[in-house]
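Just so we're aligned, residue 2 is where the sequence shown starts under the numbering used here, counting upward by one. Here's the structure we're looking at; comments come further down.
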Amino acid sequence: MLKLRVVRKIDVRNTRTVFIFVFRPGTLESAPQTFALPVINKIPAVERARFQRRVIDSFPNVQIFDVQDILTTVTKLINNFVLAISFVGSFVMLTGILILIGSVSLTKSQRIYENAILKTLGAKRGSLLTILFTEYAILGLLAGLIGAFFATLLSFAVTKYILNFDWEFDWLLAVLGVVITALLVTFIGTLASFDVLFKKPLSILRSQ
């Protein structure tokens with residue numbers, strides 16, 4: 002007679018040992034038995050297939066499970082999922098750039114008036130370009146930081162609570178995202194407002 006001493010909750014999604022049974026010697030010797038032997042060796046796929054065939058030819062009752070194929074399939078699924086998230090992130094970035102272009106167009110008349118006043122006060126075209134460049138650089142930096150924050154938050158939530166993997170912050174990817182966003186916003190914003198620098202201040206002030 003077997004007596005159950007301990008009951009516990011286990012998580013079968015990890016690779017740790019999830020259960021242990023201790024029996025009195027002589028209890029299971031006559032029962033059907035299965036032995037499992039993991040083999041860890043990083044060898045090419047062709048040599049691995051040859052090794053598996055040799056084992057099966059020598060021991061027909063042995064069943065072989067190639068974990069590498071399973072890992073490859075899982076890796077492809079994860080890569081596809083990451084690609085989908087990257088596509089969504091790229092779409093969000095593109096939407097932000099389009100919104101930026103629209104906001105530049107809406108505030109262009111106000112910017113023309115401000116530059117006309119600055120020119121009247123003696124500001125040079127180089128100074129106006131520096132102001133314009135700095136404004137969009139700060140705006141792009143803020144947009145990049147906000148985007149990196151929400152992208153990191155989304156990555157953490159998906160990795161931790163959906164895929165159940167250990168999450169690790171990627172500094173390089175975050176920094177590249179911030180830098181690329183800042184450069185794009187600076188370039189597009191400055192380019193869209195570049196013609197403002199060449200407007201004549203006198204005609205602009207008369208029209209106001």
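Note that CB positions come from ideal geometry on N, CA and C, so glycine has one too. Predicted model, so just to flag it, every value in this text is computed and none were measured.
- Between Trp168 and Phe157, the C-beta gap is smaller than 7 angstroms, which places the two residues in contact.
- In terms of Cβ geometry, Ala183 and Gly141 form a close pair [threshold 7 angstroms].
- Between Leu129 and Leu198, the CB-CB gap stays under 7 angstroms.
- Per DSSP, Asp58 is one residue of the alpha helix (DSSP H) stretching across Ala46 to Ser59.
- Residues of the same chain with a CB within less than 8 angstroms of the CB of Ile57, apart from the 5 flanking positions on each side, are Val63 and Ile65 in chain order.
- For Glu48, same chain residues with a beta-carbon under 6 angstroms away, outside a window of 5 residues either side, do not exist.
- If you compare the alpha carbons of Leu192, Gly148 and Arg6 with that of Phe24, the shortest gap goes to Arg6.
- By alpha-carbon distance to Trp172, the top candidate from Phe166, Val180 and Asn165 is Val180.
- At a Cβ-Cβ threshold of 7 angstroms, Phe134 and Thr74 do not count as neighbours.
- Assigned with DSSP and collapsed to three states, Gln64 falls in coil, not helix or strand.
- Looking from the CA of Leu185, the closest CA among Ala117, Ile132 and Ala144 belongs to Ala144.
- Between Ala138 and Thr187 the beta-carbon gap is near 5 angstroms, inside 8 angstroms, which marks them as a contact.
- Bounds of the alpha helix (DSSP H) holding Ala152 are Arg126 to Ala158.
- Here Gly148 is buried: its Cβ has 16 or more other Cβ atoms, across all protein chains shown, within 10 Å.
- The beta carbon of Leu146 is closer than 8 angstroms to those of Val179 in its chain, skipping five residues each way along the sequence.
- Burial of Ala117 is indicated by the presence of at least 16 other C-beta atoms within 10 angstroms of its C-beta.
- Boundaries of the alpha helix (DSSP H) around Val180: Trp172 to Ala193.
- The continuous alpha helix (DSSP H) containing Leu119 extends over residues Lys109 to Thr121.
- By alpha-carbon distance to Ala152, the top candidate from Pro45, Val83 and Glu136 is Val83.
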